[in-house]
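Be aware that the sequence shown starts at 0, since it is given in numbering that gives the first Met the number 0, and climbs by one per residue. All C-beta atoms in this analysis are idealised placements derived from N, C-alpha and C, irrespective of residue type, glycine included. What follows is one structure encoded as structure tokens, with my remarks underneath.
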Amino acid sequence: MIQRILTVGGYTLLSRVTGFVRDIILAAVLGAGPAADAFFVALRLPNHFRAIFAEGAFNAAFVPAYARIHAQGGAHRAGLFADRIFTLLLASQVVLLAVALFFTPAVIDALAPGFRTDPERFGLAVDLTRITFPYLLLITLVTLYGGILNARERFAAASAAPILLNLSMIAALLLAHFFPSAGHAAAWGVLISGVLQVLLVGGDAWWTGALPKFRALKLDDDVKRFFRALGPATVGSAGVQLALFADTIIASFLPTGAVSALYYADRINQLPIGVIGIAAGTVVLPEMARRIAAGDESGAAHAQNRAVEFTLLLGIPCIAAFFTIPDLIMRALFVRGAFTDADALAAGHTLAAYAFGLLPFVLIRSAVASFFARGDTATPVKAALAAAAVNIGFKVLLMGPLAQVGLALATSIGAWINLGLVVWFGVRAGHMRSDARLRGSTAKLLIAGVAMAAVLWLGHAPVAALLDHRHGFRDLLTLAILGTISSAVYGGIVLALFGPDWLKAFRARRRR
């Protein structure tokens, strides 16, 4: 399982690295002004719906169902199930696309009402949304194909697909002078990437003989059971996305640049969430579903504990860095072209607020696997909706004094509520239990994380002073040196506390 997590995490890391290159170019070309705000709203709209209907609810219901049907009824029965779901999914997305394209101005009015007082941002947001929204239909197909491949223990293509989004946008931005504006170039890059991702992941599904095709919809027991799981999962995903909608709505009333600060800070915050948290959750869900279907409850709990342990090992260093040097991170990565030091400072403060919730962000996918693997999508909904309500409440309270930093802090508070409730429900139902090894590992990793944070905090000023003459690259070199030293300290303390046997066992699990 660890090897599969590393496979998903490795491709996701490559995706994030190319994403940083994309965002560096995006920041240099668009900056954090009206055009950037309009594009990020246009990008958020299909992403919100994707998270509700595709990656969020759909994966939670489909992957365990497909894995169970494939294990109990064989490939033919699983293929019939996938065909019927494909037909329904495609039809629903076509209808949604037609409605969204027709009512785009009204949708932007609802999503970013603050843009109404700024005709330039409003008109550009409408134009760009009509370009980006078809991406939702394409990425929904990618999600279906990826779910089938994940259930068959093939993770590479679906994990690599987001890389194409970054490469497509980079190419479009480099050719921006051929488009009406840089925002239009970025939007077309998003749409073209959807086509490329369908070809990549769909091609892998075809190669394995699992590509779904049109089939008359029949509400058999498998499809009915899928819909019983999909309904609560959709409600839960909608609750989470409602809080993100609130971010966009509230930020549209804040000064120009607030939406952009949220975007760039969230991009950095999403690095560990994607590379570590989502990778672990993607792998552990089908693993637990198979073990539970076979009656191996202890094996499922062991798999979940190891996924959490591995997530903490890689996630704690990111938390330490985001808390201690957020401004340096944003300056080193993005200050060039139209993106200024002031923009980096605003985004850095926002990143620190996101860091408060990074631990629950990276752990939640592995935690909810306890329920999704058992076909229970209703229980996590209760936690998600309660967390969303708290999240939105704090956004309203904090937007005045803290602007976009308050929005990020409210998101972090909601993440803690969500994880806390999921764990409480899981322990109460007997679905989650931590073993002695996980409890001991957590304590040791926290010690190493505190030491790393101390090195970053104390070493920042001296290293920056030594590099003061390197005007063009000072921040980037400072970040690289601090990252190298603090990572060495973290790794050394981890090895000292865990001992060489732990490392040997980890390497043995990779070979297996």
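Query                                                                                                           : Result
Alpha helix (DSSP H) segment containing Leu172, residue limits                                                  : 155-173
Val454 beta carbon less than 8 Å from that of Ser411                                                            : no
C-alpha gap between Leu384 and Asp467, whole angstroms                                                          : 49 Å
Cβ neighbours of Ile275 in the same chain (closer than 6 Å, five flanking residues each side left out)          : Thr310, Leu313, Gly314, Val361
Separation of Ala155 from Ser91, as counted between CA atoms                                                    : 28 Å
Distance, Leu253 Cα to Val404 Cα                                                                                : 11 Å
Straight-line Cα distance separating Leu475 from Leu332                                                         : 7 Å
Cutoff 7 Å; reference Pro45; Cβ partners in own chain excluding five residues on either side                    : Thr131, Phe132, Tyr134, Leu135
Own chain, CB closer than 6 Å to Ser440, minus 5 neighbours either side, in chain order                         : Glu308
Those residues which DSSP pairs with Phe213 across a bridge                                                     : Answer is none; Phe213 lacks a bridge partner.
Under the three-state DSSP convention, the category Arg129 falls into                                           : helix
Cβ of Gly336 within 8 Å of any chain D Cβ                                                                       : Given the protein chain composition of this structure (a single chain), no chain D is represented.
Where Glu286 falls, given that 16 or more other Cβ within 10 Å makes a residue buried                           : buried
Cβ-Cβ separation, Ala59 to Phe371 (assumed contact under 8 Å), whole Å                                          : 5 Å
Selected residue, minimal CA-CA separation from Thr281, among Leu137, Gly458, Leu148                            : Leu148
Cβ contact (3+ pairs, closer than 8 Å) linking the segment 8-24 and the segment 156-173                         : yes
Where Arg335 sits in the DSSP three-state scheme                                                                : strand
Other residues of its chain near Ser191: CB distance less than 6 Å, five sequence neighbours each side excluded : It should be noted that the sequence gives Ile, not Ser, for residue 191. Result list for Ile191: Ser167, in chain order.
Beta-carbon proximity list for Ala27, same chain, < 8 Å, skipping 5 on both sides                               : Arg335, Gly336, Ala337, Phe338
Cα-Cα separation, Val194 to Pro231                                                                              : 30 Å
For Ala228 and Ile446, the rounded distance between their alpha carbons                                         : 40 Å
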